[in-house]
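Here the protein sequences line up with chains G and R, keeping their order.
For the first sequence, the working numbering gives the first residue as 1, with consecutive numbering after it.
For the second sequence, the working numbering gives the first residue as 557, with consecutive numbering after it.
For reference, the structure discussed in these notes is given below.
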Amino acid sequence: MPVVTLYFNHLKTLLEKNLTEEQIKEALPYLGLDLEEAGEGFVRVEYNPNRPDYSTDVGIARGLNGLLGFNSGTPKYSIIMGGTRVIVDQSVIPLRPQIVCLKVRGLHFDDESIRQLISMQEDLHAGIGRKRRRVSIGIHNFDVVDPPFHYVAAPPSFRFPPLGYTEPMTMAEILEKTEQGKTYGHIVKEFSNYPLITDANGKVLSFPPIINGERTRVSAATKNLFIDVTGTDLRAVGDALTIVASFLHDTGGKLETVSVDYPHASLATPNMSPFEMPVNVETVNRLLGLDLSSDEIIQCLGKCRITAMKRGNSIVASVPRYRTDMLHQVDIVEEVAIGYGIQNFTATTPSSYSAGGYDKGLKIMSRVEDVLVGLGLVEAVNLTLISEEAIAKTSGGKGKASLKVDDPKSMEHEVLRDNLLPSLLMVLARNVHEEYPQRVFEVTKVFQQDPQHPYVITEEPQVAAVMAHSEANFTEAKSLLSALLKQAFNTKCSTSSKPHPSLCPGRSASVKISNTTLGFVGEIRPEVLREFQLRTPVAAFQVNIGKLIEDELGRK
Amino acid sequence: MSPREEYLHKPLHGLERRLLKALSGRGKTTLEVAARKAGITEDQARRTVEWLKSKGLAKVEVTERHHISLAEEGLKAAKEGLPEKRLLKAFRGRKSVSIEELRKRFKDQQEFNAALGQARAKEWIKISSEGEKTVVLRSDKGGASASEALLKRLKKKETYYDDLPEGMKKTFDDLSKRSGFVSRKIVKAMTVAATPEAKSALGGVEEAKEVDVITPEMLVSGSWKGLRLRPLDVDAPAPLVYPGKKHPIRLFIDEVREIFASLGFQEIEGPVVQPAFWNFDALFIPQDHSARDMQDTFYLSGLSMDRFDDQNIAAVATAHEFGGSTGSKGWGYKWRLEEAKRLVLRTHTTAATVKYLADFKPSEAKVFSVGKVFRNEKVTFKNLVEFYQIEGIAVGNDVTLRDMMGLLSRFYQRLGIQKVKFWPTYFPYTEPSLQSVVYWEKLNRWVELCGMGIFRPEVTLPLGVANPVLAWGGGLERLIMLRYGIDDVRQLYGNNLKWLRETPLCL
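Written as structure tokens, this is what we have:
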């Protein structure tokens, strides 16, 4: 989750009444902000990805001013119609079709505001921007370029000095050589031309979504900004721009619209006027379990910086544009809950009666555990994902690992196990210094692939046990297995000699129950023991119990 | 009754009986002797004496004794005679011999000088000069010496100084002035004697013949009647044994299941491998959401459903694209079936929950599940690639957010957690969404646990579920770690036998 650093002395200038640091810390969680770290003069809070407007202290101050009753209702954003134009060339439409822009005048940045703006830009790129693929934002010094601006497709050989470089580079070189090019180049690499924004004289503002031009670099001295937001999704670029615009407005900038001239349409951006959402009093009360009047609901929403008004018998909320998370009326319901104060809710319990119970199959698996525990075995619980190496070691290189996962971060966990023996041998290997005898079992589901339909994966309940001590042998394993089958399933097995890659020839048998082969019993091969650095004989059994469980459940 | 009297009324332990018998009729006896007479080891005797002492049946004195033995020179002298005796022998019956001749008889000049000195001191010899020659004259004295008797005695058996006859003590003292002949070590010795009460405590009962075990034959023949089982040292530690045991994770899962069932929830179970549809799409998680990246989610290599024609596809797709008939704006993108067909290892049990909702379309229900979920993460003390998730839902016409808080509070109460608070949070598939924070007494701090919320209409309506669905869930390992005081999650899955064997069930 994204994190924002709040410096109390800066935040306090944004709050409309005095609060102590303790009071601020107390209140933040009730906005949905998780205290991550507290230090001298600052806190770091995690904000939820649905609230990119909380990516700056300005946004958080807006929320606190509302929740604590210092200010109420939808903030007003004044924006004047500006004359700046961006002309979108047809050539860029197949590459990165959407662009919205903004001009801001009269800024007086301090270092903290610039830091906030940049960290907001990064958060928007990561979240709403889907790592710049969907949305990317360029921030420019307006005073060094001349409108109208052109959004075009340029050849890879086009040269300009990118941000951080004094010498011109071709766009192809930028992708190869700059940090940003290496990280985000994959977004445009497949294109034969790349998106580019230039001014009236061909000076470069931006190579979206990769890097800005050096020319429009922003500093604390910058007074007037030009913002471009490009991307693949009109709603997303608009959302990102509104959030940036709200921040710049609240830091003292004067917003001006920019006219974006597409080949067949023209659009004045950004749209800063609130949008309306209906609020149904009954829905609010039904979901929250409260009995609020329309006025109370309006008051709660006001605390969440949403102005609502009665219109006839219903309520209409006027939601600020930066609330890009408001998709459905239930989102308004949550705002009412937050405005009401989560700490003010008292818990109730549903009135309806219901009988609880266990899953029948899992209940039978518990029974298997009980019998084996009664026989003196210790239960192991292992991870489902194991290494190919463990499978190879168990089977003398003959086992195959079919169900692999893509791009695992650890080689220890790359294959869904199709049987329990490798995991149990690993348990013995990890415990060679513990007292013997060691008898360990595991009961859980393993994963088997249907050879005809590879996407059909059976999750088969299986039980396996290993016995390790100086006299461990076939007979002991078979005794325990027979006791288990008798006590847990009231059945018995027949065993017939059958080779197994993990078991000693002549001490290896298949386990059949009602004529179906369900597993094996035997003594582990010395070669396999050596692979696991075990110096004690080991006997084992392993049986699929899915069929036994189904038979029992079917019978009842 | 004083503690001593109470002891006296208890029957004597076999060892006590034997030791007391050995002491009867003796005065102060050393522990060594007492043990030998009683036929027990010195260790047993030492312990037994302590018991007897506490019962007032024996008196113990600890004394310092001087253990004496021969040192190197003494051992040599015991074999070859004292140096001064060997000097006399060198006279071979003559009355006077030159000192040079005598000197040649000794290899070691120091020994010779010592022999000369000793013999002179005892007045066995005199030294005089005859012209330029020095001669040694033999006197009438010298012969059997007390020193030799002592050497003989000590060579035969080391002893204590106070065990020597009075006359020999002086000899020993003299000899100990000469270096290297005898050594003396101070040892603490214990003597023990029976008190007058001992006799009545023994009670004059005849001791039966003792056996180690009563055999089946003795039971059958009745011969056990004349026998007495040898008393055991009941205080001695017995060998450790370990029971068969369920794994702590399973024990905790059982506890959680019991709590859910007792709150009226029915258990459901679903597969771990799911098409992305049930894990993500049906939960209104957009297809380009970062949670669906390979960096976070395990996809099965190259595996997609060949055919996937679930009846809910169209409604779910339109909910994503523009809200469909759910009253939502939707996410505003083009939904792709191909993406929904990829097979994933479920990232939450909510995949099973939502499938249950689609299959049964309940208007009222309370169900729960405890199951494995998977995340493609680096393994650290905090994270594993898979963990157990617990999840409960309640469906009903009139269930509310407050009910949700109440159900979760009850659940926590039964786990022994009393203080719970709630904060707003965000999940893509619930609205409103809350985070629960509980006060963990042992750690003396608040800990974030289960998340919860009401399923979004974009989730429930496409599946044909009209009533609100309350849902809560969270990781199980976190709770187990708090319970067991573990701070590395890898320890939970390490299956260390020592830990599994020794961790008591009552934690």
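We treat Cβ as the ideally placed atom computed from N, Cα and C, and that holds for glycine.
A quick note: this is a predicted structure, and the numbers were derived from the prediction, not measured.
For the pair of segments examined, the region 251-264 of chain G was found to touch the region 103-117 of chain G: the number of CB pairs separated by less than 8 angstroms reaches three. Contacts with chain R (Cβ-Cβ distance below 8 angstroms) from the region 345-357 of chain G involve F345, T346, A347, T348, T349, P350, S351, S352, Y353, S354, A355, G356 and G357, listed in chain order. By the criterion of a C-beta distance shorter than 7 angstroms, G/A429 is surrounded in its chain by F532, Q533 and L534, once the five residues flanking it on both sides are discounted. The beta carbon of R/M1037 sits no closer than 8 angstroms to any beta carbon of chain G.
The DSSP-derived three-state label of G/Y47 is coil.
Judged by their CB atoms, R/L957 and R/V1025 are not nearer to each other than the 8 angstroms cut-off. Closer than 8 angstroms to the CB of R/Y968 there is not a single CB belonging to chain G. Contacts between R/P1013 and chain G, judged by CB atoms closer than 9 angstroms, involve H328, Q329 and V330 in chain order. Under the 10 Å beta carbon count, G/F447 is surrounded by 16 or more other beta carbons and is classified as buried.
Cβ neighbours of G/L287 within its own chain (closer than 8 angstroms, five residues either side excluded): V330 and V333. Around the CB of R/E1014, 16 or more other CB atoms lie within 10 Å, so the residue is classed as buried. In the three-state scheme derived from DSSP, where H, G and I count as helix and E and B as strand, R/C1062 is classed as coil. The beta-carbon distance between G/L375 and G/A483, rounded to whole angstroms, is 6 angstroms. This is short enough to meet the 8 angstroms contact definition. Classified as buried, G/P320 has 16 or more neighbouring CB atoms from the shown chains inside 10 Å of its CB. For R/T909 and R/I949, the gap between their C-alpha atoms comes out near 8 angstroms. The Cβ atoms of R/R694 and R/K660 do not sit closer than 8 angstroms to each other. Shown here, R/Q867 sits in coil according to DSSP, grouped into three states, outside any helix or strand. Taking the Cα positions, G/Y262 is about 11 angstroms away from G/H150. For a Cβ distance threshold of 8 angstroms, nothing in chain G lies close to R/Q1047: the least Cβ distance comes to about 12 angstroms. Of R/E753, R/T747, R/H904 and R/P1018, the smallest CA-CA separation from R/G886 is found for R/P1018.
Annotated as proximal: R/R813 and R/V926, with beta-carbon spacing under 8 angstroms. For the set G/A308, G/L480 and G/D146, the Cα lying nearest the Cα of G/L225 is the one of G/D146.
G/K303 and G/A61 have their C-alpha atoms spaced approximately 12 angstroms apart. CA-to-CA, the gap between R/K938 and G/P499 works out to about 42 angstroms. Rounded to the nearest whole angstrom, the C-alpha separation of G/N515 and G/E46 is 59 angstroms. Contact between R/V829 and G/S410 is absent: CB atoms are separated by about 20 angstroms, not below the 8 angstroms threshold. Across the structure, R/E997 and R/M960 are spaced so that their CA atoms are roughly 24 angstroms apart. In this structure the region 892-901 of chain R does not touch the region 792-801 of chain R; the number of beta carbon pairs closer than 8 angstroms is below three.
Nearest CB-CB separation between G/Q452 and chain R: not below the 8 angstroms threshold. Between the C-alpha atoms of R/R892 and R/F943 there is a straight-line separation of about 30 angstroms. Every unbroken stretch of the alpha helix (DSSP H) spanning 4 or more residues and falling wholly within the region 253-290 of chain G is given here in chain order: 281-288.
For the region 230-245 of chain G, residues whose beta-carbon sits nearer than 7 angstroms to a beta-carbon of chain R comprise D233 and R235. With respect to the C-alpha of G/S395, the residue from G/K17, G/L421 and G/L234 having the closest C-alpha is G/L421. Taking the Cα positions, R/A792 is about 29 angstroms away from R/E773. At least one beta carbon of chain R lies nearer than 8 angstroms to the beta carbon of G/A380. Rounded to the nearest whole angstrom, the C-alpha separation of R/K593 and R/M724 is 29 angstroms.
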